[in-house]
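In order, the protein sequence lines correspond to chains A and Z. Residues are numbered in my numbering as their position in the first sequence, beginning at 1, plus a constant of 71. Residues are numbered in my numbering as their position in the second sequence, beginning at 1, plus a constant of 103.
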Amino acid sequence: GAVVSQHPSWVICKSGTSVKIECRSLDFQATTMFWYRQFPKQSLMLMATSNEGSKATYEQGVEKDKFLINHASLTLSTLTVTSAHPEDSSFYICSAPQGQVQETQYFGPGTRLLVL
Amino acid sequence: QKEVEQNSGPLSVPEGAIASLNCTYSDRGSQSFFWYRQYSGKSPELIMFIYSNGDKEDGRFTAQLNKASQYVSLLIRDSQPSDSATYLCAVTNNAGNMLTFGGGTRLMVKP
Numbered sequence: 072g073a074v075v076s077q078h079p080s081w082v083i084c085k086s087g088t089s090v091k092i093e094c095r096s097l098d099f100q101a102t103t104m105f106w107y108r109q110f111p112k113q114s115l116m117l118m119a120t121s122n123e124g125s126k127a128t129y130e131q132g133v134e135k136d137k138f139l140i141n142h143a144s145l146t147l148s149t150l151t152v153t154s155a156h157p158e159d160s161s162f163y164i165c166s167a168p169q170g171q172v173q174e175t176q177y178f179g180p181g182t183r184l185l186v187l
Numbered sequence: 104q105k106e107v108e109q110n111s112g113p114l115s116v117p118e119g120a121i122a123s124l125n126c127t128y129s130d131r132g133s134q135s136f137f138w139y140r141q142y143s144g145k146s147p148e149l150i151m152f153i154y155s156n157g158d159k160e161d162g163r164f165t166a167q168l169n170k171a172s173q174y175v176s177l178l179i180r181d182s183q184p185s186d187s188a189t190y191l192c193a194v195t196n197n198a199g200n201m202l203t204f205g206g207g208t209r210l211m212v213k214p
């Protein structure tokens with residue numbers, strides 16, 4: 072299957088700082104990538120759709136000014152959590168679709184964010 | 104009503120048994136259906152997808168789809184303790200470009 076990487080895998084930061092998470096498709100190009108957040112013992116929640124060359128599309132209830140998304144190239148999307156607070160502590164996962172016959176979402180390994 | 108529904112479990116089966124995981128969805132226009140496995144603290148990994156009515160087999164896994172009943176299931180034969188994880192059902196929207204996840208079913212396979 073296709074490979075998606077994320078960096079960093081772990082982040083611990085102080086409240087008020089900004090954190091950038093990178094998502095890369097390693098062996099394919101992705102004009103669209105998706106960002107999810109998962110709190111402990113809960114399911115994945117789609118935050119936003121990252122679009123190469125245009126603005127991201129945010130799900131209802133997700134603050135676009137707090138979660139900045141930049142799809143810089145066909146293989147890279149970044150999520151910046153601005154002025155992070157403890158309630159932003161979560162597991163952030165990106166995915167990218169790949170496949171000619173059947174488009175399938177492949178997930179990155181995730182980034183665990185802990186805001187102190 | 105949630106768009107994709109799964110029983111949260113835990114579903115407990117003995118080693119070697121068949122585990123049956125079920126999922127219902129509300130959007131009749133959904134095109135494709137996926138099963139992901141997620142181990143604790145890890146991101147989801149794709150097990151298999153199905154988009155035609157009927158059964159699709161891949162090793163110990165069989166996905167079953169019934170679009171008329173808006174129902175998709177995953178059977179795991181000869182369950183192993185290593186199969187213990189949360190299984191996520193995901194459904195694409197009408198346009199086929201976005202996944203909606205169910206809440207997941209936690210499977211426990213006991214030795």
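Glycine is no exception: its CB is placed at the ideal position from the N, C-alpha and C atoms.
- Ser146(Z) belongs to the set of residues whose beta carbon lies under 7 angstroms from a beta carbon in chain A.
- Here Gly119(Z) really is in contact with Ser182(Z); their C-beta atoms are around 7 angstroms apart, less than 8 angstroms.
- If you draw a straight line from the Cα of Cys126(Z) to the Cα of Glu108(Z), it comes to about 6 angstroms.
- Neighbourhood of Ile164(A) in chain Z, by CB distance below 9 angstroms: Ser146, Pro147, in chain order.
- Asp130(Z) carries a coil assignment under DSSP once its states are collapsed to helix, strand and coil.
- If you compare the alpha carbons of Gln77(A), Met104(A), Thr146(A), Leu187(A) with that of Lys91(A), the shortest gap goes to Gln77(A).
- Under the three-pair Cβ rule at 8 angstroms, the segment 159 to 174 of chain A counts as touching the segment 93 to 108 of chain A.
- Cβ neighbours of Arg108(A) within its own chain (closer than 8 angstroms, five residues either side excluded): Leu115, Met116, Met118, Ser161, Phe162, Tyr163, Ile164.
- Looking at the DSSP output, His78(A) bridges to Glu93(A).
- If you check each beta-carbon in the segment 112 to 135 of chain Z against every beta-carbon of chain A, the ones closer than 7 angstroms belong to Ser135.
- In this structure, Cys94(A) lies near Ser148(A), with their beta-carbon atoms less than 7 angstroms apart.
- Taking the Cα positions, Arg183(A) is about 6 angstroms away from Val82(A).
- Contact of Gly181(A) with chain Z is assigned, a C-beta pair being separated by under 7 angstroms.
- Contact with chain A is found for Leu202(Z), since one of that chain's Cβ atoms lies less than 7 angstroms from the residue's Cβ.
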